[in-house]
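Residue numbers (my numbering), protein chains in the order written: chain A, 963 to 1388; chain B, 26 to 299; chain C, 65 to 375.
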């Protein structure tokens, strides 16, 4: 018995020390020290090479403001790693984060508020950036990052399959009915061939496609004051109906489990159409002749963007990192990066640069993505703390409709109840 | 007669062991097949056999990234942890199994308790501890928490319990001290157990991903598992290269196992044969 | 020497020797155990205790939190997601642990033979441990793919209907069981093998001399010898089974429709997606308590049955 309390006494002492440490170091941070900027990123392959070249160029021109690129172990773990770095007391100066992570970071003292910097520095060109990027970097009206990547969902289709079944290629004015009819024609269940692929793992990948449908039908995710769910509406029900019709009635949809086999299937001519982003274009095999088009529409041809950001940490981080970030995100430099990687431009002004024509030639599929970005991205996901839970509720609803377990209306109603509760509890 | 018995028995064994082995190694075989494919081949479905041996994936895996540095880091960490566990867990396992000392039961339970809280929660306080001892962002951060593992202590204690007390008592009557008995009498009997502990400790530290991910920041200190992630793109993955890198990264573990399983030498001959 | 180890020895001491525990024992005990205890105490116990503290706070795990009393536990008691996750975790563990052990022991016995190529067979059984979780997840997902998977192709060939496996809310958890049993089999086999290897040659020969057939030898010699290993595995596999996470993360991400959201996955969601660190810590502590109870019970049971030491 004495041993037992002895141990816990020891533990309490250590705990006290640890608590003191955390309290002392939780607030400020060591940031970079003396102008050195560490940039954590998840780039690999060509992207890493391209970024590396740019960083070397900066370093030779700015010996007093060296930049060190550090691979973060993969973007999926980026947020965890960043949070852990707060705990261990040496966060990076800059880190690449998913747009969805920004809300979690905004609340931390280490994350720097860049609102003043972006507004005051006219050379930075904040308003020149595409709206999608700006929205993703803003939480509650304050700017906590700068856009690193913008993208959106567009329709990618296999031209040969379309020719084979005798359907005309998708056009800018395709409706949901056109889309559904084409999927039916393209699908051949006995041959395990599908007209469309939908990622059905219940994660945000499942939800954001549904949001595009919802917005196309003229609906909204939340009410304008952000206090209640608004997706349980006619628009929402129509979107669910389309999914039900295509997946359960027509059986023309391949439900991807999240392992991204849909790309391989598309390459093997087993799927006719994808809703995907520019990142998948690089995985399409040379022997597949594909086209890119706006998403089909109902009220609008709305699409959804999923930008990522660079966030800045540490009190001195802002001053240290700003020159490099500003340079990296400038029109000319970013276009160079885009030329190497196929990333979409993040600024309007990149489109008027002379090298832009070269970019379109090298990545023909990207033209539609860029147009889509400019024309059809008008709504964004709310950057609120409750969004991850909302996403889970909606993800479950969409999954259950696609699997034929529930009718759209019932699924939406259940999700609405859950979301309202989540928002009420916040 | 006996000769016939020997010949008939092994063949029956093969009938069971062969299919079983195939089931067990199938994924590794798949990994190897993909590692010899071209990118185009790996992006088709259903996946077929690679048409040729694309050695370039292995070359790329070795040259495109500091695989050597990662392997070195991982090796240092794993080897030190194996040695640490063999020593510290043998000592502690023996003590918990055979020495009736005050507080042993509570201490053992406390050690086991450390295994019972999910790592996702524990890892952040652990990070604070590591920082408190000044090991952040060093290989020490990966070594120190694993120098003696609850698993190791538990395993050794369990196997020490199976060693007949008489052996130890006989030696004590001869006047040997506990440490001498442990090292010269008991441990030599437990080679398979020690080999098991060595292999599993090596495996666990070699394949650890989550802890190195958050404890290590500098590229120089990265281990193989973290480094391999750089072969996996945000959206597009160079699967053949990733599989080549993965296969390369698992070779050391396989070698360690192959060497260690020689210690499972006393396989019992078929009963009835002397 | 053989006399010491033959089965019917009456002098076998299963209970603790009835002698006074001397100071020398206390010193020796702590002397031997201290290094491991210090390492594990510092890097294992302190964080665990710290996690308890966190469970009584409202915190996001990286900034100092505010005291919340038992609020997290109250929330937990009323959270249907938590109870569902708990149920699933128990179902999973109740399948995973016995299956792994029951399959592993015979395999270990088979691998304990002097047969040509036994080293290679042992390697083969070990390979799943070496295969990365990511690769395993991809392969099993593909094998179980509702449209294109190999398993469904086989089922179809035999005239049985195709199954959803990882994509079917009713089957996904069992698919994960299959995948993790495959992954852990090698581990269990090695542990059993080590135990069987510790069987002194003499015992097997003695039993043969006594006229025991192969099966009888297994039942009376090898099985009891494997008992302490069983005890260990039961505890170890339970500890791991109740904390299932990786396999779910690389295949179903807790779905479909939360069918595979086990306790630790729920915890992960709360900690790193919803940033409710205190609540996640509370879940972690409940997991801890469950595991603790299981372990204590199993250890008690072990002590009574581990007296199969060389008879």
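Note that the Cβ used here is the ideal one computed from N, Cα and C, for glycine as well.
{"Query": "Alpha helix (DSSP H) runs wholly inside the region 1100–1163 of chain A, at least 4 long, in chain order", "Result": "1121–1127, 1138–1148"}
{"Query": "Beta-carbon contacts of residue 346 of chain C that lie in its chain and below 7 Å, excluding the five residues immediately before and after", "Result": "119, 136, 137, 140"}
{"Query": "Beta-carbon proximity check, residue 1304 of chain A vs residue 1272 of chain A, cutoff 8 Å", "Result": "no"}
{"Query": "C-beta contact flag for residue 229 of chain C and residue 239 of chain C at 8 Å", "Result": "yes"}
{"Query": "Top-ranked residue by Cα proximity to residue 1104 of chain A, from A:1077, A:1116, A:1065", "Result": "A:1077"}
{"Query": "Minimum C-alpha distance to residue 83 of chain B - residue among B:281, B:286, B:273", "Result": "B:273"}
{"Query": "Residues of the region 37–65 of chain B whose Cβ lies closer than 7 Å to any Cβ of chain A, in chain order", "Result": "65"}
{"Query": "Closer than 8 Å at the beta carbon, the chain A residues around residue 121 of chain B", "Result": "Within chain A, no residue comes near residue 121 of chain B; the closest Cβ sits about 14 Å away, beyond 8 Å."}
{"Query": "Rounded straight-line distance, which links the Cα of residue 1017 of chain A to that of residue 1033 of chain A", "Result": "13 Å"}
{"Query": "Cβ-Cβ distance between residue 1287 of chain A and residue 1056 of chain A below 8 Å", "Result": "yes"}
{"Query": "Under 8 Å between C-beta atoms of residue 1114 of chain A and residue 1381 of chain A", "Result": "no"}
{"Query": "Sub-8 Å separation of residue 211 of chain B and residue 195 of chain C beta-carbons", "Result": "no"}
{"Query": "Terminal residues of the beta strand (DSSP E) in which residue 1237 of chain A lies", "Result": "1233–1238"}
{"Query": "Span of the alpha helix (DSSP H), counted from its first residue to its last, around residue 181 of chain C", "Result": "Segment: none, residue 181 of chain C is in no alpha helix (DSSP H) and carries neither H nor E."}
{"Query": "Neighbouring residues, chain A, relative to residue 152 of chain C (Cβ below 9 Å)", "Result": "Within 9 Å Cβ-Cβ: nothing; residue 152 of chain C doesn't reach chain A, min ~15 Å."}
{"Query": "Where the beta strand (DSSP E) containing residue 1003 of chain A begins and where it ends", "Result": "999–1003"}
{"Query": "Range of the contiguous beta strand (DSSP E) that encloses residue 257 of chain B", "Result": "Run containing residue 257 of chain B: none; DSSP gives neither H nor E here."}
{"Query": "Own chain, CB closer than 7 Å to residue 994 of chain A, minus 5 neighbours either side, in chain order", "Result": "Residue placement at residue 994 of chain A is poorly supported in this model, since its pLDDT is 41, which falls under 50; the coordinates are not used for a value here."}
{"Query": "Proximity test, residue 1304 of chain A beta-carbon vs the ligand GDP heavy atom, cut-off 7 Å", "Result": "Of the ligands one can find in the structure shown there are none, so the ligand GDP has no counterpart to examine."}
{"Query": "Three-state secondary structure assigned by DSSP to residue 1056 of chain A", "Result": "strand"}
{"Query": "Members of the region 1217–1245 of chain A that neighbour chain C once the beta carbon cut-off is set at 9 Å", "Result": "1217, 1219, 1220, 1221, 1223, 1227, 1232"}
{"Query": "Cβ contact check for the region 223–231 of chain B and the region 191–211 of chain B: 3 or more pairs under 8 Å", "Result": "no"}
{"Query": "Inside the region 194–265 of chain C only - alpha helix (DSSP H) runs reaching at least 4 residues", "Result": "197–207, 214–221, 236–261"}
{"Query": "Proximal chain B residues relative to residue 313 of chain C, where beta-carbon distance stays under 8 Å", "Result": "Those do not exist, as residue 313 of chain C stays about 10 Å from chain B at its closest Cβ, beyond 8 Å."}
{"Query": "Three or more C-beta pairs below 8 Å linking the region 152–172 of chain B and the region 236–251 of chain B", "Result": "yes"}
{"Query": "Residue-level contact to chain B via CB, residue 186 of chain C, 8 Å cutoff", "Result": "yes"}
{"Query": "CB contact check: residue 205 of chain B to chain C, cutoff 8 Å", "Result": "no"}
{"Query": "Continuous alpha helix (DSSP H) stretch holding residue 1029 of chain A: start and end", "Result": "First-last for residue 1029 of chain A: 1029–1033, but that is the beta strand (DSSP E), not the alpha helix (DSSP H)."}
{"Query": "Alpha-carbon spacing of residue 1152 of chain A relative to residue 1235 of chain A, whole angstroms", "Result": "18 Å"}
{"Query": "Contact under 8 Å by Cβ, residue 178 of chain B with residue 214 of chain B", "Result": "no"}
{"Query": "Cross-chain neighbours of residue 130 of chain C in chain A, by beta carbon under 7 Å", "Result": "Under the 7 Å cutoff, chain A gives no residues; its nearest Cβ is about 12 Å from residue 130 of chain C."}
{"Query": "Residue 1090 of chain A versus residue 1019 of chain A: straight-line alpha-carbon distance, rounded", "Result": "24 Å"}
{"Query": "Rounded separation between residue 980 of chain A and residue 154 of chain B - CA only", "Result": "Reliability of the predicted coordinates at residue 980 of chain A is poor, the pLDDT of 38 falling under 50, and the value obtained from them is presented with this limitation in mind. Rounded to the nearest angstrom, the two C-alpha atoms are 7 Å apart."}
{"Query": "Within-8 Å CB hit, residue 1051 of chain A to chain B", "Result": "yes"}
{"Query": "Range covered by the beta strand (DSSP E) that runs through residue 140 of chain B", "Result": "No beta strand (DSSP E) holds residue 140 of chain B; DSSP gives it neither H nor E."}
{"Query": "Backbone CA spacing between residue 138 of chain B and residue 1099 of chain A [nearest angstrom]", "Result": "43 Å"}
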